[in-house]
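Residue numbers (my numbering), protein chains in the order written: chain Y, 364 to 826; chain B, 364 to 826.
Written as structure tokens, this is what we have:
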């Protein structure tokens, strides 16, 4: 897996192919050196802007021959450094492959290129009565969302990328192009290569096309915010709601610290208490039935200050506020970096997991607002640290490690949605045991020269 | 991948481990020589009846050292010879590993052993208010259903095994035991080994434990049968129903030939016309709303003779009849064997696919009743042949080949639910192109000695 010290030949061949779409400008290298996380910047040696699958295939063939690392880049919104060239090499920026290729409205499917973002897709779909539901908050590229098996606020109802990608076109390390899956609703035709590629974070292949499952825009949508006296009451409400089978479209938790940040940064006047942010989708009658059932659970748990966001604008503002929670929390503590944890536990253990995490954060004496997609059992502590305080980072890492251990002990996972990258790689052996070695064996079989996103996810390598 | 001609040493070691739970009796060999399909019997050299994961691990370690093929056996209900020892070796019969290990009712999950059948599981769950929905018709083992990524009548609403298996315990070819997935609702922690194992038909590992997703028993269930003047009208009704988003729990098509067989073998008095068999799940109000919406589509398409199965007994009889369609069709034509096709197409192409298949069968002049899980775009032609007429078999294979080509041209798959085994292996290159080679590379990485179910699914080998 070692690569020659000089990559000039490979880059010269790629430059011959792409012309000025191979960039080594400082601006391009810097732009691709960092994503939305706290990791130190690691610029690639060059950035390619392919326009076709054939170009991607040719580039990978060259990189494979020369042992040059290749990292795919969508919108740069990943949180675990998945798109950073931590071992140098070439970044493949998909911003020029961002078209809708085919809309199959009657099958509720769309074929897109990987550089298209989820918001751009939903803009394009607006007049069709259809939408793409997976919503990780950031306006991520669909290729990046597939590569990281993204999920988000609506996963409790519509599933994650695992449930909403029907097929892929993938360029393998050696330049071969494969198509996985089909446009049929199901298939038993051999290994599920689509599922294998989803969440492989660019280590097994580079996604050049996606066939996505769409959903009908609901006839009625209704959203609300309600406050609780305690974290326990809020989380117990979530557990009861999920266990009753109320088909929530969204059910998000924010603690009192996040409510305080919202008040400062979004101008809301929320009581400084734990809240649930919820949304219902369905027919008019269905939404009313769901809201009534949910309201009964809330009342039973002592929830109050039920505030309805009845207009589209109010709903958009609500979810925008929720999605901006991470930058807002950072902004509220100037000079901070945020180490974001991402555990996901069985719903029956959620209250315990959140309460223990809360107590643990308080005991460590650092700030750590908690929020999350609690309907999935997934929540984040945003551990806010002074960038230049090594003791802070050590404490945060210790905390994150204990959260991971707790999640695994409860039958959960160390990352519900952010993925592995380099940040969660240290937990993979604990989560998967020998299964992590199996991932390494699959990686070695499909990318024997180790050119695809080296240093990430699987065992071995230099990182 | 060649194995030594004499497996006596391996079997002696396994006998030392299992005692009389390693059988070489003629009765056991014969019982494991055939499943529910037309393939010629191929007995294994011995049958092992393990009782623990540790035993399975020890057996695989021995087989791997000696190069002895191993084929897992659940209930023997597979339709593409998946559980047959076509290259000899050892059959691992899981009938003694058939327990419910843990019920997590509050998480709607259950942990089971692979030999438990789906009906046994639902019996055990009856008092809990929960059920396991995947229903391939046969009372298959849950391990076999996972290994073949089974689906069935309720997949249109509840998904297939892909959607309802959260995690697995798997013994690898070299005896290592891995656990895949978790009990969390989602995870982004690396390659989706659960999905990779589902549908791998015992070629990558042997499943020894499954964590399954359960669903709440619906408050109300309602089922009905209705007749149509033409195949086109019935299928157009399905397409409209799915496209309108009516959340059908089941929507099954049978053609006039199947209706005739039902009348003979189940004592029904159905008009000899194409029918839809449907079921609605939900709240009382929800079911009424769905039934009304569906009724409007049916009326528009000229459907009639709407017959409600209002009691539990009537519903059970209805679905039992549907599930017995295959043996009933065979019985209706004594001396026949059935070659069952299994294509699945995008819902927008369903009417075309069914009509062209119908015309093609008629042109070939053989009998081929059509039925299927049309809500998924999946249907079967049961090609009924004289066992000893080579011309019949040649014609049926030609027809099946054209159906497969048609499915692929429409963006579908050659097998919606029956899997690959040996019967659909000849279509894998056409369906997956280079992707089939990728499956082979994964197989070689995880089972370098080729002991796991050789001759099936992936390229290469002796078959």
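For glycine and all other residues, C-beta sits at the position ideal for the given N, C-alpha and C.
Please list, in chain order, all residues of the same chain as residue i whose beta carbon is under 7 Å from its beta carbon, the five residues on each side excluded.
i             : result
residue 523/Y : 497, 512, 513 and 514
residue 543/B : 530, 531, 533, 556, 557 and 560
residue 745/Y : 689, 692, 701, 703, 731 and 732
residue 765/Y : 723
Check each candidate in the options and name the one with the smallest Cα separation from residue i.
i             : options                       : result
residue 759/B : 710/B, 784/B and 731/B        : 731/B
residue 456/B : 499/B, 465/B, 439/B and 432/B : 439/B
residue 803/B : 448/Y, 475/Y, 553/Y and 500/Y : 553/Y
residue 792/B : 372/B, 823/B, 666/B and 808/B : 823/B
residue 639/B : 646/B, 619/B and 653/B        : 619/B
residue 606/Y : 710/Y, 568/Y, 761/Y and 735/Y : 710/Y
residue 627/Y : 695/Y, 673/Y, 654/Y and 669/Y : 695/Y
residue 635/Y : 629/Y, 622/Y, 647/Y and 646/Y : 622/Y
residue 576/Y : 569/Y, 568/Y and 545/Y        : 545/Y
residue 584/B : 679/B, 572/B, 813/B and 541/B : 679/B
residue 813/Y : 450/Y, 800/Y, 404/Y and 414/Y : 450/Y
residue 725/Y : 747/Y, 655/Y, 753/Y and 396/Y : 747/Y
residue 800/Y : 395/B, 537/B, 473/B and 413/B : 537/B
residue 735/B : 685/B, 749/B, 752/B and 697/B : 685/B
residue 428/B : 377/B, 454/B, 409/B and 448/B : 377/B
residue 397/Y : 499/Y, 454/Y and 386/Y        : 454/Y
residue 373/B : 425/B, 652/B and 539/B        : 425/B
Leaving out five residues before and five after residue i in sequence, what residues of the same chain have Cβ atoms less than 6 Å from its Cβ?
i             : result
residue 693/Y : 699 and 701
residue 712/Y : 773
residue 592/Y : 665
residue 506/Y : 437, 457, 477 and 570
residue 421/B : 380
residue 541/Y : 533
residue 767/B : 777 and 790
By Cβ distance below 8 Å, which residues in the same chain neighbour residue i in space, the five residues on each side in sequence not counted?
i             : result
residue 578/B : 471, 493, 494, 495, 496 and 521
residue 657/Y : 604, 609, 611, 641 and 643
residue 564/B : 445, 510, 511, 782, 783, 784, 816, 819 and 820
residue 761/B : 727
Indicate the three-state DSSP secondary structure (helix, strand or coil) for residue i in the structure shown.
i             : result
residue 591/Y : coil
residue 533/Y : strand
residue 612/B : coil
residue 463/Y : strand
residue 449/Y : coil
residue 539/B : coil
residue 370/B : coil
residue 504/Y : strand
residue 625/Y : helix
residue 655/B : helix
residue 670/B : strand
residue 642/B : strand
residue 561/B : coil
residue 476/Y : coil
residue 494/B : strand
residue 572/Y : strand
residue 711/B : helix
residue 577/B : coil
residue 457/B : helix
residue 583/B : strand
Throw me the rounded Cβ distance for the residue i and residue j pair, which I believe falls under 8 Å.
i             : j             : result
residue 446/Y : residue 452/Y : No, residue 446/Y and residue 452/Y are not in contact; Cβ-Cβ is about 12 Å, not under 8 Å.
residue 411/Y : residue 431/Y : Between residue 431/Y and residue 411/Y the Cβ distance is about 11 Å, and since that is not below 8 Å, they are no contact.
residue 810/B : residue 566/B : 7 Å
residue 737/B : residue 615/B : 7 Å
residue 400/B : residue 464/B : The pair is not a contact, with the Cβ atoms about 31 Å apart (cut-off 8 Å).
residue 769/B : residue 727/B : About 14 Å separates the two Cβ atoms, so there is no contact after all.
residue 780/B : residue 551/Y : 5 Å
residue 777/Y : residue 742/Y : Between residue 742/Y and residue 777/Y the Cβ distance is about 13 Å, and since that is not below 8 Å, they are no contact.
residue 406/Y : residue 423/Y : Residue 406/Y to residue 423/Y, Cβ: 21 Å. No contact.
residue 482/Y : residue 502/Y : 5 Å
residue 433/B : residue 573/B : Not confirmed; about 19 Å, so no contact.
Taking only heavy atoms of the ligand MN into account, decide whether any of them is closer than 7 Å to the Cβ of residue i.
i             : result
residue 697/Y : In the structure shown, the ligand MN is absent, as is every other ligand, since no ligand is present at all.
Any 3 or more C-beta pairs closer than 8 Å across the segment 584-594 of chain B and the segment 593-613 of chain Y: no
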